[in-house]
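Engineer:
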Amino acid sequence: MIHVRSVASIALLGAAALVLTACGGSGDGEQSQSAATRVSATFAQDGEGPAHTYDAALVPAGSTVEVTSAEQDGSTVTTLRVSGLVPNRTYGAHAHTKPCTAAAGTDAGPHYQFSEDPVTPSVDPSYANPMNEIWLDVTTDANGAGESTSTVPWVFPDDRRAESVVLHEKPTATHAGHAGTAGGRPGCVTVDF
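Take the sequence shown: its letters are residues -22 to -1, 1 to 171, numbered as in mature numbering (1 follows the signal peptide of the UniProt record, and there is no 0).
(1) Determine the direct distance from the alpha carbon of A86 to that of C78, and round the result to whole angstroms.
(2) So, is V97 buried or exposed, given that buried needs 16 or more other C-beta atoms within 10 angstroms?
(3) Kindly give me the distance between the Cβ atoms of W113 and H156, rounded to whole angstroms, as I take these residues to be in contact under 8 Å.
(4) Starting from the Cα of A34, find the closest Cα among R163, T168, D170 and give me that residue.
(5) If you count every other CB in all the chains shown that lies within 10 Å of the CB of G165, and 16 or more means buried, which is it?
(6) Please give me, in chain order, every unbroken run of the alpha helix (DSSP H) with length at least 4 that falls completely inside the segment 110 to 146.
(7) Between G158 and A106, which are expected to be in contact by the criterion C-beta below 8 Å, what is the C-beta distance as a whole number of angstroms?
(8) Near A80, what residues of its chain come up, given a Cβ to Cβ distance below 6 Å and the 5 sequence neighbours on each side ignored?
(9) Looking at F21: is its Cβ nearer than 8 Å to the Cβ of V43?
(10) Determine the burial state of A160: buried for a count of at least 16 other Cβ atoms within 10 Å of its Cβ, exposed for fewer.
(11) Is R138 closer than 8 Å to F171 when the C-beta atoms are compared?
(12) Answer with buried or exposed for T118, where buried requires no fewer than 16 other C-beta atoms within 10 angstroms of its C-beta.
Dropping the structure here:
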């Protein structure tokens, strides 16, 4: 009787392993999923770490940021979580083309666009929109915490990926001539997308 239970347990474990392999681990199945990217950091003014504040009134030193991003089945899902920011405020937030520096938020370059606008700065809603860019506008609660998620119908090409998420001082505009604009850049976190 013990022998039969052991064989049954081994069979169940083997079946579970086959299911797990089929659901996304081996790379041989049809479902495509890459490992998730995750960065969790504290905003600093001293040049240390991946997160920088350039305006401590809007992004206080010591506030925190977390970005996760995963590619699955031809889409990219990115989530931004913040805490310790100004309470009850909406910040624009977007994936940008270059990593952050301690010097200035502008060093992170323009918004990452899957289909690049031939005109810069890009303010055409045909290019500057939440399906062609990763927009993560976030509204904080009474404690200065907030979360937002973006899902876009594409994955990054290996040779051209976003490298940061920038917090902006205003919500993102959507109208022609201003699409994608969100004011100054009080904070930035480098993300290895």
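Where is the CB? At the ideal position from N, CA and C, for every residue including glycine.
Structural biologist: Taking the geometry as given:
(1) If you number the sequence shown from 1, residue 78 lands on position 100. If you number the sequence shown from 1, residue 86 lands on position 108. Going by the C-alpha atoms only, they are around 5 Å apart.
(2) Along the sequence shown, one-based indexing puts residue 97 at 119. Exposed: under 16 other Cβ atoms inside 10 Å.
(3) On the sequence shown, position 135 is the one that residue 113 refers to. On the sequence shown, position 178 is the one that residue 156 refers to. At roughly 14 Å, the Cβ-Cβ gap does not stay under 8 Å, so W113 and H156 are not in contact.
(4) Taking the first residue of the sequence shown as position 1, residue 34 is located at position 56. The option with the nearest alpha carbon to A34 is R163.
(5) To locate residue 165, count along the sequence shown from 1; it is residue 187. So G165 counts as buried.
(6) none
(7) The count along the sequence shown starts at 1 and reaches residue 158 at position 180. The count along the sequence shown starts at 1 and reaches residue 106 at position 128. Confirmed, Cβ separation roughly 3 Å.
(8) One-based indexing of the sequence shown puts residue 80 at position 102. Counting only Cβ-Cβ distances below 6 Å, and skipping sequence neighbours, we find G25, H30.
(9) Translated into the one-based positions of the sequence shown, residue 21 becomes position 43. Translated into the one-based positions of the sequence shown, residue 43 becomes position 65. In contact: F21 and V43 (Cβ atoms closer than 8 Å).
(10) Your numbering for residue 160 matches position 182 in the sequence shown. Flag for A160 reads buried.
(11) If you number the sequence shown from 1, residue 171 lands on position 193. If you number the sequence shown from 1, residue 138 lands on position 160. Cβ atoms of F171 and R138: not closer than 8 Å.
(12) Within the sequence shown, the letter at position 140 stands for residue 118. Answer is buried; the Cβ neighbour count reaches 16.
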